[in-house]
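In the working numbering, the protein residues as written are 2 to 391.
Below is one structure, written out as structure tokens; comments come after it.
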Amino acid sequence: MTTNTTGAQRWQASMMGNYGTPKLTLTSGSGCEVTDADGKTYLDFVGGIAVNALGHAHPAVVRAVTEQIGTLGHVSNFYAHDPGLKLAERLLDLSGFTGRGRVLFCNSGAEANEAAFKIARRTGRLKIVATEGGFHGRTMGALALTGQPAKQEPFAPMPAGVEHVPYGDVAALESAVDDTTAALVLEPVQGENGVIVPPEGYLRAAREITSRHGALLVIDEVQTGIGRTGHWFAFQRDGIEPDVITLAKGLGGGLSLGACIGVGDAGELLQPGQHGTTFGGNPVACAASLAVLDTIAADGLLDHVKALGELLADGVRDLRHPLIAEVRGQGLLLAIRLTEPVAAATAAAAQDAGYLINAVQPDVLRLSPALVLTADQARRLLTDLPGLLG
């Protein structure tokens, strides 16, 4: 029988070491709770790194996946299928680009950003501007966009042409984006960098600057999209229209699914044979995604996310704990910045107490629970958090 201990031993014997050895082997989940191989249950504030939009084993996703795999499981992209067509139409509708956009499905956020990178190259310009601290994936093109040198250095040199500027700095955008720029790539909130929210008006300024120079504005919504911030897409809060949107994480509700949406001319730049995927957008993943979108709409989860995010953020601030310096973020993508680099120790204490929390930076805890987290579950963490901080 597998326990947490034997799970770790099997991992060390059979898995590559790039993730380190997990302490827990999870065996089941329901809603916002997961159970490990030793039978202990945890309240999950990691959410599969913002992937499990509806939590674990949501009946709508289970039903959709079960029905679809029993009907048509995989066809490659040589053939169309109804779940994929419906999902593309639905994403264009939700983003406001029906009749003006085109969707390319893939398997992950990194793949979606690889597609965006290639779309930028198809403009005929080579220069791409991205932001320091930004995270866009670990494949080579996406890694070149990622503004975190420590992740790039073991694999240098990167694909050429990417210039990084400070995030949230409009003057830096003004200085870097010019008539040779193919695209500006940025996240509406930098999730992996510690949930950094840019100043008000930053996205609008980015839109104005890129439009002035004929450069594409690529908004990476891999972590922020599909209701995570209380909007279908975080860019909608600022009232702008990007040229390219990349999606993944919550899109598949736990299944591997990414998407790159090209708006207007940007949706016409990739021609047949210039990009592809065998598995991306298969019928099962698309059916799961449709179930996610239907449930978010039917259950009013966008408003729920906004309200619960405020409850959590206000509740953490009201603790007035000396180790808490700041709470930031939008919706259910929140960070607790600590006054000391004790995030890992706090996450470990939380795990011992029955909570899964991500130490995303040495002094930052990230909360990205499923959108179905209840107010009682949020209050449970707030009650126990002071004891976890020590």
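Each residue gets a CB set at the ideal place from its N, CA and C atoms; glycine is no exception.
The Cβ neighbour count for D353, taken over all protein chains shown within 10 Å, is under 16; the residue is labelled exposed.
With fewer than 16 other Cβ atoms from the protein chains shown falling within 10 Å of its own Cβ, K41 counts as exposed. Judged by DSSP secondary structure, D385 falls within the alpha helix (DSSP H) whose first and last residues are 376 to 390. Short of 7 Å from the beta carbon of E115, and not among the five residues preceding or following it, lie these beta carbons of its own chain, in chain order: T140, G142, A143. By the Cβ-count criterion, Y80 is exposed, with fewer than 16 other Cβ atoms from all chains shown falling within 10 Å of its own Cβ. When DSSP states are grouped into helix, strand and coil, V63 belongs to the helix group.
Taking 7 Å as the cut-off, the Cβ atoms of L248 and I120 do not count as close. If one requires a minimum length of 4 residues, the alpha helix (DSSP H) runs lying completely within the stretch 318 to 376 are 344 to 354, in chain order. Annotation for H57: no beta strand (DSSP E) segment contains it, and DSSP assigns it neither H nor E.
Just so you know, the alpha carbons of A54 and Y20 end up roughly 23 Å apart. Residue state for A81 is assigned as coil, using DSSP reduced to three classes. By the 16-neighbour rule on beta-carbons within 10 angstroms, P84 is buried. Note on E112: 16 or more other CB atoms within 10 angstroms of its CB, so buried under the neighbour-count rule.
Look at F106 here: in three-state DSSP terms it is strand. In the structure shown, V35 falls within a strand segment according to DSSP collapsed to helix, strand and coil. Distance between P199 and G332, taken at the CA atoms: about 15 Å. Taking C-beta atoms under 8 Å as the contact rule, I129 and A177 fail to qualify, at a distance of about 10 Å. Per DSSP, the unbroken alpha helix (DSSP H) holding D295 starts and ends at 284 to 299. DSSP, reduced to helix, strand and coil, places A151 within a helical segment of the structure shown. If only complete runs of 3 or more residues are kept, the stretch 115 to 164 shows the beta strand (DSSP E) at 128 to 132, in order along the chain.
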